[in-house]
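Below is one structure, written out as structure tokens, with a few remarks after it.
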Amino acid sequence: MKAAGPIELGEGKSSAPARAGVSRGMAILGFILRILAFIGTLASAISMATTNETLPFFTQFIRFRAEYNDLPDFHVFSWLPMGVVSAYLLFSLPFSIFNIVRSKAQSIRILLIILDTAMLGLLTAGASAAAAIVYLAHRGNVRTNWFAICQQYNSFCERISGSLIGSFIGVVLLMLLILLSAVALSRHK
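Residues in the sequence shown are numbered consecutively from 1069, following our numbering.
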């Protein structure tokens, strides 16, 4: 007895509606990831920009205050890139909606891949540099007389560490966005 082969579609039939449904689903998933990345980077930027702690010293009139801008590298390497990336993600949402409505539009998807990759580089560089500064704040460096300030300023260090976690979540979400867009583009061939 002869084994049955795979079922073939007739020449007139195609899987175009199925492909359009998958492309639309991928575009919706990309939109959701973009919103999540925006929320993560915005929360990290706000958390970093509003971080401060005041400790009393000997009397109530003399106090030590720690703010994120006391460490100038935080301003340049963490808050600023997170703010730029979150603004980009907000402004890219209409393009992502356009991809949902017109799932066959490739030029917008290519533009988003290019810009997402640039923002991924910016956010990765900023989060990595800020992670090195946070590490020094937690551990210090005896050779360079950098004291570990997190032993005194616990709340300050917890907030900047939480902000870094949000930044790295944004990095992962941007990587997923790039991969998802690349897969969606490769399906159009």
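Even glycine gets a Cβ: it sits at the ideal position worked out from N, Cα and C. Source: prediction; values computed, not measured.
Quick check on ASN1213: does DSSP put it in helix, strand or coil? On the sequence shown, residue 1213 is found 145 positions in, with the first residue counted as 1. Here ASN1213 sits in coil by DSSP.
Counting pairs of beta carbons, one from the segment 1094 to 1103 and one from the segment 1221 to 1229, are three or more of them closer than 8 Å? no
In angstroms, rounded to a whole number, what distance separates the CA positions of ALA1216 and GLY1208? Counting from 1 along the sequence shown, the entry for residue 1216 is found at position 148. Counting from 1 along the sequence shown, the entry for residue 1208 is found at position 140. Straight-line Cα distance between these residues: approximately 4 Å.
Whole-angstrom C-beta distance between THR1109 and GLY1189, which should lie under 8 Å: Walking along the sequence shown from the start, residue 1189 turns up at place 121. Walking along the sequence shown from the start, residue 1109 turns up at place 41. 14 Å between Cβ atoms; not a contact.
Return the residue from the list TYR1221, LEU1161, ILE1107, ALA1113 that minimises the CA-CA distance to ALA1198. Working through the sequence shown from its first residue, we reach residue 1198 at position 130. When each option's Cα is compared against that of ALA1198, the closest is ALA1113.
GLY1208 by DSSP, collapsed to three states: which one? As a first step, residue 1208 is located in the sequence shown; it is residue number 140 there, counting from the start. Three-state DSSP puts GLY1208 in coil, outside helix and strand.
Status (buried if at least 16 other CB within 10 Å, exposed otherwise) for ASN1167: As a first step, residue 1167 must be located in the sequence shown, where it is residue number 99. Counting Cβ neighbours within 10 Å, ASN1167 comes out buried, since at least 16 surround it.
As a quick exercise: from ILE1107, ILE1181, ALA1195, ARG1170, pick the residue whose alpha carbon is nearest that of LEU1148. Translated into positions along the sequence shown, residue 1148 becomes position 80. The shortest C-alpha separation from LEU1148 is found at ALA1195.
Local conformation of GLN1220 per DSSP, three classes: Taking the sequence shown and counting its residues from 1, one reaches residue 1220 at position 152. Note: GLN1220 maps to coil in three-state DSSP.
In chain order, what are the residue ranges of uninterrupted alpha helix (DSSP H) at least 4 long that sit wholly in the segment 1146 to 1177? 1148 to 1169
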